[in-house]
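Peer 1: I am attaching a structure below and will ask some questions about it afterwards.
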Amino acid sequence: MVHVNVDSTGGIGATSLTGTAVTPEAVSLATDAIAAETGQHYTGKRPSHSADQSFWGVGIPSMFGSLSMHVPGTETFGPATMRNALGWWWHTPHDLIDKIDESFLMRDTRVFVHVLWRLLTEPTLLLQPLAAIESLLRELRDLAPRLPETVPAAMVTGAAEALLAQSLPSGQTADRSLVGA
0 MVHVNVDSTG GIGATSLTGT AVTPEAVSLA TDAIAAETGQ HYTGKRPSHS
50 ADQSFWGVGI PSMFGSLSMH VPGTETFGPA TMRNALGWWW HTPHDLIDKI
100 DESFLMRDTR VFVHVLWRLL TEPTLLLQPL AAIESLLREL RDLAPRLPET
150 VPAAMVTGAA EALLAQSLPS GQTADRSLVG A
């Protein structure tokens, strides 16, 4: 159904839950859970090849490569050259229990419990598969002008448009900005 990744939770100074990686199908659920449990507004980002995205390649949506993050420029973030926002100690010998803030750990846990509870108890699946196709189409449109002429961008974009059109419920039309633009 969905891979919910739990990693590096409750870090001291990890005040932001707005930019965690979530696949398009699960953005609505992540947005709801983060707002309900923290009051923060999820702005999100596409997942990268990190945070154990083992199942994404076979089509299983994923949530929360890491949930709470440090804000760049803060003491706990570390030097500007840090490759992530999980604290200067992340995956070092200093990555010990003294780097956990109990209240942040509880906050992060509430978000995970919210998501898992809804996934397990709602009568319908809370994922939005059309969001993945729409996201793909936006990415293709953004890439197309930068691709060499040997890449059939129009053909690939057309195939994504056709997939979107075929995936819509009967009588529903796609957003005009996505199809035939």
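Counting with numbering that gives the first Met the number 0, you get residues 0 to 180 for the letters of the sequence shown. Note that the Cβ used here is the ideal one computed from N, Cα and C, for glycine as well. Values in this document were obtained by computation on a predicted structure and should not be read as measured data.
#1: Check whether the segment 90 to 99 touches the segment 136 to 155, counting contact only when three or more Cβ pairs, one atom from each stretch, lie closer than 8 Å.
#2: Nearest to G43 by CA position, among G58, S27 and A20, is which residue?
#3: Grouping DSSP H, G and I as helix and E and B as strand, with all else coil, what is H90?
#4: Note down the Cα distance separating L115 from R145, rounded to an integer number of angstroms.
#5: Per the DSSP calculation, S15 is bridged to which residue(s)?
#6: Would DSSP call V21 helix, strand or coil?
#7: If you run the structure through DSSP and keep just helix, strand and coil, what is M0?
#8: Give the C-beta separation of L85 and S7 to the nearest angstrom, bearing in mind that I take them to be a contact with Cβ-Cβ under 8 Å.
#9: What did DSSP end up calling G77 once you bin it into helix, strand or coil?
#10: If you check the beta carbons only, do L129 and L28 fall under 9 Å apart?
#11: Using a Cβ-Cβ cut-off of 7 Å (strictly less than) and excluding sequence neighbours within five positions of R109, which residues of its own chain qualify?
#12: Quick one: what's got a C-beta closer than 6 Å to F76's C-beta in the same chain, skipping five residues either side?
Peer 2: If we stick to the structure as given:
#1: no
#2: The residue given as residue 43 occupies position 44 in the sequence shown. Nearest option by C-alpha distance: A20.
#3: Numbered from 1 along the sequence shown, position 91 holds the residue referred to as residue 90. Coil.
#4: Translated into positions along the sequence shown, residue 115 becomes position 116. Translated into positions along the sequence shown, residue 145 becomes position 146. So the alpha carbons of these two residues sit roughly 40 Å apart.
#5: Within the sequence shown, residue 15 is the residue found at index 16, counting from 1. Note: S15 sits in a beta bridge opposite M68.
#6: Walking along the sequence shown from the start, residue 21 turns up at place 22. Three-state DSSP puts V21 in a strand.
#7: One-based indexing of the sequence shown puts residue 0 at position 1. M0 carries a coil assignment under DSSP once its states are collapsed to helix, strand and coil.
#8: For the purposes of this step, residue 85 is identified with residue 86 of the sequence shown, where counting begins at 1. For the purposes of this step, residue 7 is identified with residue 8 of the sequence shown, where counting begins at 1. 5 Å between Cβ atoms; contact.
#9: Numbered from its first residue, the sequence shown carries residue 77 at position 78. Note: G77 maps to coil in three-state DSSP.
#10: Your numbering for residue 129 matches position 130 in the sequence shown. Your numbering for residue 28 matches position 29 in the sequence shown. Taking 9 Å as the Cβ cut-off, L129 and L28 do not qualify as a contacting pair.
#11: Reading the sequence shown from its first residue, position 110 is the one you call residue 109. Excluding sequence neighbours, R109 sits near E36.
#12: As a first step, residue 76 is located in the sequence shown; it is residue number 77 there, counting from the start. Excluding positions up to five away in sequence, the list reads H69.
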